[in-house]
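Only one structure is covered here, and it is reproduced in the block below.
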Amino acid sequence: MGRAPELAQLDRWLLQDRRRLLGVFGLGGIGKTFLTRRAALDAAPGFTAVKWVLLQDGPPPDEVLAECIHFFSGYRDTDLPPSTAGRLDRLLAYFRQARCLLILDKLEAIMQPGRSAGHFRAGYEAYGDLLGTAAETEHRSCLVVIGREQPHDMARWEVQSLRAASLHLRGMDVPAAQAILQDARIAGAPEEWAALVAHYAGNPLMLQLAAAPIRDLYAGRLDAFLAEERFAFGDVNDLLDEHFGRLATGEQDIMHWLAVERTALAVTDLVEHLLPRRPVGDVRSTLASLLRRHLTDRDAAGFFLQDIVLEYVTDRLVARMADELMAGQPDLFRRVAAAQPGCGRAPAAGPGTVSRRAPGRAPAPGLAGDG
38 MGRAPELAQL DRWLLQDRRR LLGVFGLGGI GKTFLTRRAA LDAAPGFTAV
88 KWVLLQDGPP PDEVLAECIH FFSGYRDTDL PPSTAGRLDR LLAYFRQARC
138 LLILDKLEAI MQPGRSAGHF RAGYEAYGDL LGTAAETEHR SCLVVIGREQ
188 PHDMARWEVQ SLRAASLHLR GMDVPAAQAI LQDARIAGAP EEWAALVAHY
238 AGNPLMLQLA AAPIRDLYAG RLDAFLAEER FAFGDVNDLL DEHFGRLATG
288 EQDIMHWLAV ERTALAVTDL VEHLLPRRPV GDVRSTLASL LRRHLTDRDA
338 AGFFLQDIVL EYVTDRLVAR MADELMAGQP DLFRRVAAAQ PGCGRAPAAG
388 PGTVSRRAPG RAPAPGLAGD G
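Counting from 38, one number per residue, gives the positions in the sequence shown under this note's numbering.
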């Protein structure tokens with residue numbers, strides 16, 4: 038499955054290091070659930086009981102705590118405490134008595150959209166208490182959380198305790214992608230496969246979603262598909278819509294600027310664009326939030342968007358600006374001054390300069406140019 042190093046890391050944390058709290062985070066479709074399920078199967082003999090809870094429908098914390106207490110007690114404990122705090126204490130008692138493995142999947146379903154990443158929805162804060170209890174209290178068990186967003190306090194728990202750790206799942210390499218698509222009847226040269234995987238950032242689900250159009254519309258020819266230079270469409274857009282729809286306004290502004298500039302931007306560059314609307318501290322905290330959502334990447338040159346996210350945000354930005362101009366309400370133009378002279382230019386080449394603009398790709402259409 039192309040995840041041997043990541044699987045080995047999870048196995049080590051579960052069985053050798055005996056971590057109390059683990060997180061597996063990454064974009065939708067990156068393979069978090071598949072990898073964690075495999076790791077849980079490998080580690081199961083080392084635990085007394087293993088329970089998987091799907092949070093997609095937003096079950097109230099009291100219900101999940103009751104369900105877990107029943108399960109880890111062998112369905113003998115039926116006299117439940119009425120309070121959430123009491124149920125947390127009862128579950129912790131079972132975590133201390135035996136080696137339990139509890140996995141909470143789809144954590145983003147109970148996170149608050151429209152604000153910085155990693156905060157729980159109103160009424161669901163007890164899940165954060167559960168994570169904090171697992172990380173900070175002595176016990177024999179392990180709680181694993183899987184989600185598209187890293188909880189806000191996860192980094193603090195990792196620093197304060199060697200018993201908490203996070204795995205941020207990245208894309209797959211070309212051989213792994215070819216293995217996933219081996220039955221899709223797609224043909225291409227090695228460099229074309231590399232380009233396909235790079236455009237979709239090695240995301241297994243995005244690659245699978247793209248496979249059908251490549252086969253049906255381009256007769257399975259990668260060269261013909263790549264020549265179109267359009268990769269964000271259909272179900273791929275739907276997947277990215279789910280992520281973008283959760284962003285706070287400040288996060289959207291930074292994503293828009295990264296799409297307009299189409300190159301890596303340092304924190305100071307983004308502060309220059311966003312001031313005086315947003316204080317320096319707000320820009321930094323917003324960038325940290327986007328990293329917790331895995332929607333931006335970072336290297337020595339600064340923050341940038343992967344190709345597929347860049348194309349998606351650019352298309353969305355152009356469409357929204359057009360709608361606003363037609364309606365006579367250019368709100369986005371006021372927040373993202375896309376017509377600013379020099380906007381969209383890559384920095385002058387020099388020592389240490391790394392451009393993230395895709396080879397041969399022009400500035401965002403309708404957004405940037407030489408003035």
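A virtual CB, placed ideally from N, CA and C, is assigned to each residue, including glycine.
In the DSSP assignment, find the unbroken alpha helix (DSSP H) run with residue i in it and report its ends.
{"i": "I183", "result": "Per DSSP, I183 belongs to no alpha helix (DSSP H); it is in the beta strand (DSSP E), C179 to G184."}
{"i": "H280", "result": "G271 to F281"}
{"i": "R330", "result": "V317 to R330"}
{"i": "A216", "result": "V211 to I217"}
{"i": "G165", "result": "E162 to E173"}
{"i": "W194", "result": "M191 to Q197"}
{"i": "G123", "result": "T121 to Q134"}
{"i": "G287", "result": "T286 to E298"}
{"i": "H107", "result": "P98 to F109"}
{"i": "D260", "result": "L259 to E265"}
{"i": "H310", "result": "V304 to L311"}
{"i": "F71", "result": "K69 to A80"}
Assign residue i to buried or exposed, taking buried as 16 or more other Cβ atoms, counted over all protein chains shown, within 10 Å of its Cβ.
{"i": "Y164", "result": "buried"}
{"i": "L254", "result": "exposed"}
{"i": "R222", "result": "exposed"}
{"i": "D368", "result": "exposed"}
{"i": "M363", "result": "exposed"}
{"i": "Q289", "result": "buried"}
{"i": "R113", "result": "exposed"}
{"i": "G111", "result": "exposed"}
{"i": "T170", "result": "buried"}
{"i": "V320", "result": "buried"}
{"i": "C380", "result": "Summary for C380: the model assigns pLDDT 45, below 50, so the residue's position carries little reliability; its value from the coordinates is reported in the next sentence. Under this definition C380 is a buried residue."}
{"i": "G12", "result": "Residue 12 falls outside the range modelled here, since the chain spans only 38 to 408, and no answer is possible."}
{"i": "S318", "result": "It should be noted that the sequence gives Gly, not Ser, for residue 318. Label assigned to G318: exposed."}
{"i": "A385", "result": "For A385, the pLDDT reaches just 34, beneath the cut-off of 50, and the residue's location in the model is therefore unreliable, leaving the point undetermined."}
{"i": "A32", "result": "With the chain running from 38 to 408 in the structure shown, residue 32 is simply not present."}
Could you work out which residue in the options is closest to residue i when comparing CA atoms only?
{"i": "L332", "options": "T115, P119 and I345", "result": "I345"}
{"i": "L91", "options": "G68, A41 and D142", "result": "D142"}
{"i": "A238", "options": "W230, M209 and G111", "result": "M209"}
{"i": "T115", "options": "T121, A122 and I106", "result": "I106"}
{"i": "A285", "options": "L206, V234, G151 and A226", "result": "G151"}
{"i": "A41", "options": "R207, V320, A171 and V234", "result": "R207"}
{"i": "L295", "options": "E309, R283 and G282", "result": "E309"}
{"i": "W194", "options": "D334, P119 and G60", "result": "G60"}
{"i": "G97", "options": "P82, S120 and A86", "result": "Note on residue identity: the sequence assigns Pro, not Gly, to residue 97. Among P82, S120 and A86, the Cα nearest to that of P97 belongs to S120."}
{"i": "V87", "options": "Q53, E104, L138 and E265", "result": "L138"}
{"i": "A338", "options": "L307, G66 and C179", "result": "L307"}
{"i": "F281", "options": "D360, E104 and D352", "result": "D352"}
{"i": "G39", "options": "I217, Q197 and G66", "result": "I217"}
{"i": "A219", "options": "V196, S178 and A248", "result": "It should be noted that the sequence gives Gln, not Ala, for residue 219. Ranking V196, S178 and A248 by Cα distance to Q219 puts A248 first."}
{"i": "G66", "options": "E279, L311 and M358", "result": "E279"}
{"i": "S178", "options": "Q197, Y131 and D166", "result": "Y131"}
Just to confirm, are residue i and residue j a CB contact at a threshold of 8 Å?
{"i": "S322", "j": "S153", "result": "yes"}
{"i": "N240", "j": "L64", "result": "yes"}
{"i": "R136", "j": "F84", "result": "yes"}
{"i": "D99", "j": "R133", "result": "no"}
{"i": "T70", "j": "L129", "result": "no"}
{"i": "L342", "j": "V355", "result": "no"}
{"i": "L242", "j": "A214", "result": "no"}
{"i": "L168", "j": "V181", "result": "no"}
{"i": "G299", "j": "L347", "result": "Per the sequence shown, the amino acid found at residue 299 is Arg instead of Gly. In this structure, L347 lies closer than 8 Å to R299 by Cβ."}
{"i": "D336", "j": "A301", "result": "yes"}
{"i": "F62", "j": "H205", "result": "yes"}
{"i": "L324", "j": "I291", "result": "yes"}
In chain order, what residues of the same chain have a beta carbon less than 8 Å from the beta carbon of residue i, not counting five sequence neighbours either side?
{"i": "D48", "result": "A76, D79 and A80"}
{"i": "I147", "result": "L92, G95, F157, R158, Y161 and Y164"}
{"i": "G155", "result": "M148, E186, Q187, P188, H189, D190, M191, S326 and R329"}
{"i": "V211", "result": "P227, W230, A231 and V234"}
{"i": "A103", "result": "L117 and R124"}
{"i": "E361", "result": "P367, D368, L369 and F370"}
Within its chain, find whatever has a CB closer than 7 Å to the CB of residue i; leave out the 5 residues flanking it on each side and keep chain order.
{"i": "H236", "result": "F268, D344 and I345"}
{"i": "L44", "result": "L72, R75 and A76"}
{"i": "W89", "result": "I140 and D142"}
{"i": "D260", "result": "G225 and E229"}
{"i": "W50", "result": "R56, L59 and A202"}
{"i": "V101", "result": "V90"}
Ordered along the chain, which non-local residues of its own chain (more than five positions away) have a Cβ less than 6 Å from that of residue i?
{"i": "R200", "result": "R56 and R57"}
{"i": "F262", "result": "I251 and Y255"}
{"i": "R382", "result": "In this prediction, R382 has a pLDDT of 38, which is less than 50 and means its spatial position is unreliable; what the coordinates show is noted afterwards. Excluding sequence neighbours, R382 sits near nothing in its chain."}
{"i": "L277", "result": "Y349"}
{"i": "E145", "result": "G184, R185 and E186"}
{"i": "L52", "result": "A80 and G83"}
Taking residue i as part of the beta strand (DSSP E), name the residues at either end of that continuous run.
{"i": "I140", "result": "C137 to D142"}
{"i": "H176", "result": "Careful: H176 lies outside any beta strand (DSSP E) and carries neither H nor E."}
{"i": "L254", "result": "Careful: L254 lies outside any beta strand (DSSP E), inside the alpha helix (DSSP H) at P241 to L254."}
Measure from the C-beta of residue i to each C-beta in chain D and report whether the shortest distance is under 8 Å.
{"i": "R113", "result": "Protein chain content of the structure displayed is limited to a single chain, and chain D is not contained in it."}
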